[in-house]
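In the numbering used here, the protein residues as written are 4 to 322.
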């Protein structure tokens, strides 16, 4: 079949009755989790660079808050020297090898009873340590019992120092039925920008979690974008028209994992059919945008990354 590229008007109605929809997602729920999901705000070790009112709102919308090692410094500094604010925004956990965590910040959060877990292994990243921790928190009563036992406080909460969190996670997954696990909405601040190798690693986690722990719904939030994975074989992205009009700009379909075929899109300014896309060839749908009234349909042969431009100064009014 021949490839097509169709330029649409700025607003079109998308008929979904004849579309083969395998997956559905709501754009706003990447930031404002559903009440029937577990949710986590993960702060990675980069400057927190979103407006404070938005940060406070996102914080309150998530069940669990986790700092990856030196990200605790970022949170501490973000709240300046306002102790009344800082004490209101204590993370549930700090985890990593703690090489980036300043002594002042360590003592502050320790004094205020934040659970700090040291993991020295250099064969996994702080991101992976965080993800294993988050899964254990929601799915392992044994882990929660370890953490709540005050007798374990001086011994790293009873968790082996090198890679105990991975050992506990691997043991848990032996009996975990993924299809019965409550989904975890995971919004990560940071991880994109800064050092390029760390950015690439962050992108790999979108694929890794989709393959190995698909109960996670991971999205990265930057001052300019939401970045997440679109599953292959037909995904419907829904949104409120006013949310789209006010908070959303351009978007890009990014075949970062591998070259693939965009079988069909409906609801983009430039819709395509039977369209090969590849980073190597330069055929990438960038600077596109949503024009479907309240949804967009994307059908690809393989999983693909989507970035959506956001206007962070407008988001607060919709959360």
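We treat Cβ as the ideally placed atom computed from N, Cα and C, and that holds for glycine.
- Straight-line measurement puts the Cα of residue 6 at about 44 Å from the Cα of residue 62.
- Annotation: residue 180 to residue 138 spans about 13 Å, alpha carbon to alpha carbon.
- Under the 10 Å beta carbon count, residue 129 is surrounded by 16 or more other beta carbons and is classified as buried.
- Pairing residue 88 with residue 82, the inter-Cα distance amounts to about 7 Å.
- In summary, residue 185 is exposed, with fewer than 16 beta-carbon neighbours lying within 10 Å of its beta-carbon over all protein chains present.
- Residue state for residue 291 is assigned as strand, using DSSP reduced to three classes.
- Per DSSP, the beta-bridge partners of residue 99 are 121.
- If one requires a minimum length of 3 residues, the beta strand (DSSP E) runs lying completely within the region 216 to 247 are 219 to 224, 228 to 233 and 238 to 241, in chain order.
- Here the alpha carbons of residue 279 and residue 234 stand approximately 17 Å from one another.
- Straight-line spacing of the CA atoms in residue 17 and residue 276 works out to 15 Å.
- Per DSSP, residue 34 lies in no alpha helix (DSSP H) and is assigned neither H nor E.
- Taking 8 Å as the upper bound for CB-CB distance, residue 316 and residue 14 are not in contact here, some 24 Å apart.
- With three or more CB-CB distances shorter than 8 Å, the region 57 to 74 counts as touching the region 89 to 97.
- With fewer than 16 other Cβ atoms inside 10 Å of its own Cβ, residue 248 counts as exposed.
- Leaving aside the five residues that flank residue 101 on each side, the residues in its chain whose CB is nearer than 8 Å to its CB run, in chain order, 72, 109, 119 and 121.
- Of the candidates 106, 220, 145 and 195, 195 places its Cα closest to the Cα of residue 51.
- For residue 147, the uninterrupted alpha helix (DSSP H) segment begins and ends at 144 to 151.
- Under the rule that a run must span 3 or more residues, the beta strand (DSSP E) segments found entirely inside the region 18 to 87 read 26 to 29, 41 to 46 and 67 to 71.
- Under DSSP, residue 310 shares a beta bridge with 230 and 255.
- Judged by beta-carbon spacing, residue 271 lies beyond the 8 Å limit of residue 308, meaning their Cβ atoms are not closer than that value.
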